[in-house]
Structure formats: C-alpha cells, structure tokens
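If you count by the working numbering, then the sequence shown holds residues 1 to 245, one letter each, in order.
The beta carbon of each residue, even a glycine, is placed where N, CA and C say it ideally should be.
Bear in mind that the values here come from a model prediction, so they are computed numbers and not experimental data.
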Amino acid sequence: MRHDLAYWQVHDTEDDCDLIIRSNSGHVFYCHICPSQFIRSPTITEQYFKCLELLRTGEVEIDDFYEEDAYEWLLNCFEPLIARLAPSSELQVVTQPTLAHYYFPEQTFVCHLKAVDDKLQPEQLDTKNHGWSSPIVKFDSDFLTELNQWTQSYTPSQVQVCYDRPEDSLIKPPTCINITNQDGQPLKCFFKKFGLSFGPSHAKKELLVLKKITESQIPPPPQAYICRLVGVVREGNGLLGMLLS
C-alpha cells in the first residue's frame, strides 16, 4: 500500500493547516494541524511555520527549502498513526477504482497533531465529521428531470478511473475515466468535476452550453473536433461532474 499527501489547505490569517492524505487502498485521512497544540516544542514549531510560509506564498522554494520538503515533513508527522490505523501488510490496492471509491471512501479517519517537548503526537479523533465540503453539487428535481431527457446519467460506481501508474490509484484526482456507453461499448473520456465554490448556477451554464452543442448535430471527428458531453455523474439529487469526449 502507498499513501501520499493529496491536498492541503492553509489560510492567510489563521495559522492552522488542513491536509488530506490518501492511500491506494482507498483509505483517506483528514488531518488538522494547529500550532497552539505544540507544547514546549520550539523545533517543531519553527519547522511547521517554515512549511506554512511556503504553502501560503505558493513559491516552489524559499531559502533552499522546497515544496517537496514541506510536503514530506507534513506527511511524516502522521506516518506512525497511519501505519497503525491502516497497516500496509493487511491492505490491498484497489485494482479497479471508481469515482465512488475516490469521492465516497469506505474508510476515513479524522486526525490532529500534538507535540510535547519536541516530540510529535499524531492522534485519531473520535469523529467522522472531517469538516470538508461534500463533493456533490445539489440541483432541483425539475432540472435533473430535464437533464435526463438529453444526456446520459451514470452513478459514481459505474465510472472507472484510469491511472497511468498503479501506485497513484485513488491518490491523484480522477481525470481519465472509462464507462460503458448506451450501446454497451467501452468508452474512454475525461472527467470534469463541478467547482463547489461556484455552485449550481455555474454548473447549469456549462451544461446548457454543452446541450446546444449536442443539439446542433455537429459532425464527429475528423470532420469536426469539439468538446462534447458524454454524460453526467449523478448521486441522488446532485451531480459530481461531467464526462467529456
């Protein structure tokens, strides 16, 4: 099993940091670091703020300290806890990952970091509430009903994610995917997730543009090369994203 830092989030005014660590076994660790939890730990505090400064600025390097160094240090803070919660010897890599595996993992852990006398103390919290937003963008039923009249809907479990390297499975964000189309044939296409910060209004605008392309009967390649909507990924009364060819 392999795990890696998949996502991080820092703030301009607050000194805390949130991390998402993913494994190719499907386990996800939501980790929070707040330096107020560092007791008599000047060395750890200094190193943490060194990482925080680099992440805040978006620079690749500051004073010979590189972003890879920051990622490695932050990941290593939680390594002992991850090894205990998800021992690699007892887990298997998900060989046929789907969007369901990525966005709705079966095993999640919420963790935070303490330090006492410059010794790291990562801990699991007794909660499943990790505080991150749902990946689903909600829509009204009328819009979803109308959507089904002109494009195909797929559930997250019907969309298989393709990775160039097996070790990146369920760690890197899904982009290239495989589905079985309406004719029962395999089809490779591109997955574009809806931006949560824009909400349903922006997603509707994107879909309406693609609807016009669908209804315009533009000839297929090689006569014309244009982005086309293959379908949408739906979960309940919401959408994850679009499948594009």
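A residue is called buried once 16 or more other Cβ atoms fall within 10 Å of its Cβ, and residue 115 is buried on that count.
Rounded to the nearest whole angstrom, the CA to CA distance from residue 23 to residue 216 is 43 Å. One Cα belongs to residue 38, the other to residue 3, and the distance between them is close to 25 Å. Taking all protein chains shown into account, residue 171 has 16 or more neighbouring C-beta atoms within 10 Å of its C-beta and is therefore buried. Short of 8 Å from the beta carbon of residue 112, and not among the five residues preceding or following it, lie these beta carbons of its own chain, in chain order: 31, 32, 33, 34, 37, 122, 123, 125. Under the DSSP assignment, residue 14 falls outside any alpha helix (DSSP H); it carries neither an H nor an E label. Buried is the label assigned to residue 98, since at least 16 other Cβ atoms lie within 10 Å of its Cβ.
Looking at the DSSP output, residue 193 bridges to 241. Distance from the CA of residue 202 to the CA of residue 16, rounded to the nearest whole angstrom, comes to 30 Å.
Between the alpha carbons of residue 206 and residue 76 lies a distance of about 40 Å. Within a 10 Å sphere around the beta-carbon of residue 83 sit fewer than 16 other beta-carbons, which makes this residue exposed. Residue ranges of uninterrupted beta strand (DSSP E) with 3 or more members, entirely inside the stretch 45-121 and ordered along the chain, are 108-116.
C-alpha of residue 129 to C-alpha of residue 110: approximately 7 Å in a straight line.
Under the DSSP assignment, residue 32 falls in the beta strand (DSSP E) whose first and last residues are 28-39. When DSSP reads this structure, residue 123 sits in a beta bridge with 112. Cβ neighbours of residue 133 within its own chain (closer than 6 Å, five residues either side excluded): 196.
According to the DSSP assignment, residue 226 belongs to no alpha helix (DSSP H), since it is labelled neither H nor E. Here residue 235 is buried: its Cβ has 16 or more other Cβ atoms, across all protein chains shown, within 10 Å. Spatial neighbours of residue 104 in its own chain (CB-CB distance under 7 Å, excluding positions within 5 residues in sequence) are listed in chain order as 156. Residue 26 sits buried, since 16 or more C-beta atoms from the chains shown fall within 10 Å of its C-beta.
Straight through space, the alpha carbons of residue 169 and residue 96 are spaced by roughly 9 Å.
Under the three-state reduction of DSSP output, residue 205 falls in the helix class. Taking the Cβ atoms as the reference, residue 189 lies roughly 5 Å from residue 230, within the contact range of under 8 Å. In its chain, beyond the 5 residues on either side, 38, 115, 118 have a beta carbon closer than 6 Å to the beta carbon of residue 44. Counting of Cβ neighbours within 10 angstroms places residue 58 among the exposed residues, the total staying below 16. Non-local C-beta neighbours of residue 219 in its own chain, meaning closer than 8 Å and more than five positions away in sequence, are absent.
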